[in-house]
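See structure below.
Printed below as a string of structure tokens:
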């Protein structure tokens, strides 16, 4: 099934390009915004990636129910044209109720909201899909399994129904007369995506609007009431992961905050936007005013657009390769690829918002590539391994020069990164350079301790100091019998002591300053300690499965957290950079 998506991707992109040209040439307007389109396409990609991991819920459960209790599994019926037509109508009927629940029940809206978050209405919006819909959506198709629709036919009609809905996401096709009265059409579906009072929660049909006419949810498009798109609680973010999590988090927050135990459950199954009585009093939601709707559109330079376009094209190439092989790939390997590609798309979203600098985006992408290369899944591991820290060094230098000049804070951070880079190079060289690499990282940690000493006394949190030193002592005790060389025992013991002090100083500093940035830096320091612990376990105690993955992912995450949040740590906390 994944191969079908690979074939469909260039067709979708071609049709999007045609719509863009048609809008500019024939309609005299641009129906696309670059950042919105990239965000919608990113969500579509992540949805397909997630689908690789959730097919047990979609096809697996369906097949199990079909095999156990199918009432009419007669292939001679289902393999005829009338069986296919009936299955397609049956699917569209079930889809109607799933879609309607996605607008009328908060839990299902939390999954479906992704498709409605765009404030544009074009073919890229059609590809903007949820990554969590499979968690509960399969329930609505169980009647088909019970009736006896074969799993293969179910998959085919599901694909037909989904592909049909692509073309209706456009403003460039006007009303179509009799067609609008029977089928889901561009006009009918524009109504569905609108937040206007008269249009809200209407026209749920996937292929047919007959269901809407039957069950009272049909609304034609009115020329005098122009559709306004999006949601009544705007996302205002290009973060594709937050787009999927936004409503779930809001529901969990309301469930936690309400004092009524029944309401803690009701918030998940009431209509979207419903609030328990105590929250209505303490934190009422403001009324929706259509005239106050504003487009979320942070500025993006032309050069940034070209850069993002090139990045996205490379990611699509990786997605195509992954989906082509996904059906035969082990689940664990698939999960790693899904996380890696989704992380790259997440970083592009943050870059479009201005939350990540260009070099930080490249830092994250090269860290992902270096980790995959260490697993043997990407070529050129020797070239990729030192790239993340090289980029981090350049980023810190560029950031310092462009803001306040190269002061003490930046020199300490840069020295720590340079020492880390030296450690990376030494540990990847042929031969045994473990002691030399250990020494380089020891120097890096000493610089980090000096960095974390900024605006905080030495080890201000005694409990954090005791906990980190205690953890280090336990690790050293576990390693002792495996360290035959006295020199190695001394080196490892000194290293464990220094990294334990580094983590304790970072945690204590976060307690003193008390802001989010210093807390993230402390988490980075703890991840650094975790990464080194994994190296020690893998090298001296027992080989870890996929050790490179866990070691490098925690190491790069630690460095990126420290590098990114150290900026807020120096400027936001009022530290004198000189």
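Residue numbers (this note's numbering): 1188 to 1765. Every residue, glycine too, gets a C-beta built ideally from N, C-alpha and C. Model, not experiment: these values are computed from the prediction.
- The beta carbons of residue 1383 and residue 1396 sit no closer together than 8 Å.
- Burial check for residue 1381: the Cβ neighbour count within 10 Å reaches 16 or more, so the residue is buried.
- Only exposed fits residue 1263, as fewer than 16 other CB atoms lie within 10 angstroms of its CB.
- Across the structure, residue 1706 and residue 1470 are spaced so that their CA atoms are roughly 28 Å apart.
- Residue nearest to residue 1432 within the set 1644, 1515, 1233, 1640 is 1233 (criterion: CA-CA distance).
- For residue 1230, the CB contacts under 7 Å within the same chain, skipping 5 residues up- and downstream, are 1301, 1315, 1316, 1427, 1430 in chain order.
- Check the Cα spacing between residue 1479 and each of 1342, 1416, 1737, 1371: the tightest is with 1416.
- Here the alpha carbon of residue 1481 sits roughly 27 Å from the alpha carbon of residue 1287.
- Residue burial is scored here from C-beta neighbours: residue 1567 has fewer than 16 other C-beta atoms within 10 angstroms and is therefore classed as exposed.
- Under the Cβ criterion (8 Å, minimum of three pairs), the region 1541-1561 counts as touching the region 1733-1743.
- Restricting attention to 1648, 1637, 1237, the CA atom closest to the CA of residue 1523 is found in 1237.
- Around the Cβ of residue 1361, a 10 Å sphere holds fewer than 16 other Cβ atoms; the residue is exposed.
- Under the DSSP assignment, residue 1233 falls in the alpha helix (DSSP H) whose first and last residues are 1221-1240.
- Per DSSP, the beta-bridge partners of residue 1370 are 1395.
- Here the alpha carbon of residue 1366 sits roughly 7 Å from the alpha carbon of residue 1372.
- The three-state reading of DSSP puts residue 1293 in helix, counting H, G and I together.
- Within the region 1529-1597, the runs of alpha helix (DSSP H) that reach at least 4 residues and sit entirely inside it are, in chain order, 1545-1561, 1568-1571, 1574-1590.
- An exposed status is given to residue 1672, since fewer than 16 other beta-carbon atoms sit within 10 Å of its beta-carbon.
- Closest in alpha carbon position to residue 1548, among 1515, 1499, 1592, is 1499.
- Its Cα nearest to that of residue 1698, the residue 1644 stands out among 1597, 1666, 1644.
- Close CB contacts of residue 1717 within its chain, under the 7 Å cut and outside five residues either way in sequence, are with 1741 (chain order).
- Check the Cα spacing between residue 1435 and each of 1609, 1422, 1277: the tightest is with 1422.
- Separation of residue 1272 and residue 1534 (C-alpha to C-alpha, rounded to the nearest whole angstrom) is 44 Å.
- With fewer than 16 other CB atoms across the displayed protein chains lying within 10 angstroms of its CB, residue 1243 is exposed.
- Rounded to whole angstroms, the separation of the alpha carbons of residue 1612 and residue 1618 is 12 Å.
- For the region 1247-1271, the full-length alpha helix (DSSP H) segments reaching 4 residues or more read 1248-1256, 1262-1265 along the chain.
- Rounded to the nearest whole angstrom, the CA to CA distance from residue 1659 to residue 1665 is 10 Å.
- 8 Å or more divides the Cβ of residue 1655 from the Cβ of residue 1631.
- Residue state for residue 1643 is assigned as coil, using DSSP reduced to three classes.
- Look at residue 1483 here: in three-state DSSP terms it is coil, with no helix or strand label.
- Each of 1369, 1409, 1411, 1691 was checked against the Cα of residue 1392, and the nearest Cα belongs to 1369.
- Only buried fits residue 1336, as 16 or more other CB atoms lie within 10 angstroms of its CB.
- Rounded to whole angstroms, the gap between the alpha carbons of residue 1440 and residue 1235 is 28 Å.
- Judged by DSSP in its simplified three-state form, residue 1282 adopts helix.
- Rounded to whole angstroms, the gap between the alpha carbons of residue 1394 and residue 1497 is 35 Å.
- Listed in chain order, the non-local C-beta contacts of residue 1438 below 7 Å within the same chain comprise 1293, 1297, 1454, 1455, local neighbours out to five positions each way being set aside.
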